[in-house]
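Heads up: the sequence lines are chains A and B, in that order. Last residue of the first sequence: number 133 in my numbering, and the count goes up by one each step with no gaps. Last residue of the second sequence: number 133 in my numbering, and the count goes up by one each step with no gaps. All C-beta atoms, glycine included, are put in the ideal place defined by N, C-alpha and C. Take a look at the structure below.
Number of protein chains: 2
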Amino acid sequence: MERVTGIGGVFLRARDGEALRAWYAEHLGVDMGEWGGKQFAWTPGGSTTWAIFDADAEHLGEPAQSSMVNYRVTDLDAMLAQLRTAGVTVSDEVSDTDYGRFGWAHDIEGNKFELWQPPAGE
Amino acid sequence: MERVTGIGGVFLRARDGEALRAWYAEHLGVDMGEWGGKQFAWTPGGSTTWAIFDADAEHLGEPAQSSMVNYRVTDLDAMLAQLRTAGVTVSDEVSDTDYGRFGWAHDIEGNKFELWQPPAGE
Chain A
12 MERVTGIGGV FLRARDGEAL RAWYAEHLGV DMGEWGGKQF AWTPGGSTTW AIFDADAEHL
72 GEPAQSSMVN YRVTDLDAML AQLRTAGVTV SDEVSDTDYG RFGWAHDIEG NKFELWQPPA
132 GE
Chain B
12 MERVTGIGGV FLRARDGEAL RAWYAEHLGV DMGEWGGKQF AWTPGGSTTW AIFDADAEHL
72 GEPAQSSMVN YRVTDLDAML AQLRTAGVTV SDEVSDTDYG RFGWAHDIEG NKFELWQPPA
132 GE
């Protein structure tokens, strides 16, 4: 059978696209293209995880939030500090696991997102 | 400044997680792990595109759909045929571009998703 081989993209609908794009550029350092997005080239050892959660999953933020994106970062602590300094809502929780370190924050439209510092070499 | 370096994951909230996971396994060939998802390893030349669309973007499906995932496939025509044979709602439109071929369909919960056959070598 034919099978999906990877995650080629994720597209978010904003209430105010211009403001949300500016927010991600300013706080998460996304070099936004003229078309409102960025193509992240795959690097050796990396991966993108895709999963379907149950309706009551607290991990995805408020019940009305229908999806959550996980963003790779090089230095989780530095990214969290950068966000806190800018007044962004950042979770106090940081999760240290065998597959990396995780933190969470909310964007200007209230979407919870995940930050992930993978283990070295992944 | 600290910058996001890639898309590490995308997580979807289902109304009926068990049914939606089974649907993606059956129709899109996703080998679902025990935890309800799959880790797609990055391959040379690949990329994941991330973008923020405006509120009225028709590309993302119905106005209530807040995000859309793009899935990489090896043979778009074969995947679309597989979906049609199974009775899945598939768009008649196929887009041929310099950066690949695109098609669209809807899952069992009404989420529009994109299928992408990248150019050879990407």
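**OP:** Look at residue 29/A and residue 97/A and say whether their C-beta atoms are less than 9 Å apart.
**Re:** no
**OP:** Check the C-beta distance from residue 126/B over to residue 82/B and give it rounded, since I have them as a contact under 8 Å.
**Re:** 6 Å
Subject >> As assigned by DSSP and simplified to three states, the class of residue 34/B >> reply: helix
Original post:
Is any beta-carbon of chain B found at less than 9 Å from that of residue 132/A?
Top reply: no
Original post:
By the criterion of Cβ-Cβ separation under 9 Å, what are the contact partners of residue 45/B in chain A?
Top reply: Residues of chain A passing the Cβ test: none, with the nearest at roughly 11 Å.
Original post:
Among 60/A, 123/A and 120/A, which residue has its Cα nearest to the Cα of residue 20/B?
Top reply: With distances taken between Cα atoms, residue 20/B lies closest to 60/A.
Subject >> Paired residues, beta bridge with residue 60/A - DSSP >> reply: 20/B and 50/B
Original post:
Tell me, which residues are paired with residue 83/B by DSSP?
Top reply: The bridge partners DSSP lists for residue 83/B are 17/A and 127/B.
Subject >> Cutoff 9 Å: residue 125/B Cβ touching any chain A Cβ >> reply: yes
Original post:
Is there a Cβ from chain B that is less than 9 Å from the Cβ of residue 13/A?
Top reply: yes
Original post:
So what does DSSP say about residue 96/B, is it helix, strand or coil?
Top reply: helix
Subject >> Contact list for the stretch 48–62 of chain B against chain A, Cβ threshold 7 Å >> reply: Across the stretch 48–62 of chain B, CB contacts with chain A closer than 7 Å involve 48, 49, 50, 51, 52, 53, 54, 57, 58, 59, 60, 61 and 62, in sequence order along the chain.
Original post:
Interface residues of chain A around residue 78/B at Cβ under 7 Å?
Top reply: 21, 22, 23, 24, 77 and 78
**OP:** Starting from residue 104/B, follow the beta strand (DSSP E) in both directions and report where the run begins and ends.
**Re:** 101–108
Original post:
Name the DSSP beta bridge partners of residue 72/A, please?
Top reply: Per DSSP, none; premise fails for residue 72/A.
Original post:
Under the DSSP definition of a beta bridge, which residues are partnered with residue 116/B?
Top reply: 101/B and 124/B
Original post:
Is residue 68/A close to chain B, meaning its C-beta is less than 9 Å from at least one C-beta of that chain?
Top reply: yes
Original post:
In chain A, what lies closer than 8 Å to residue 89/B by C-beta?
Top reply: 13
**OP:** Quick one: residues in its chain with C-beta nearer than 6 Å to the C-beta of residue 27/A, no 5 flanking neighbours on either side, listed in chain order?
**Re:** none
**OP:** Please list, in chain order, all residues of the same chain as residue 85/A whose beta carbon is under 8 Å from its beta carbon, the five residues on each side excluded.
**Re:** 128
**OP:** Go ahead and label residue 68/B buried or exposed: buried means 16 or more other beta carbons lie within 10 angstroms of its beta carbon, across all protein chains shown.
**Re:** buried
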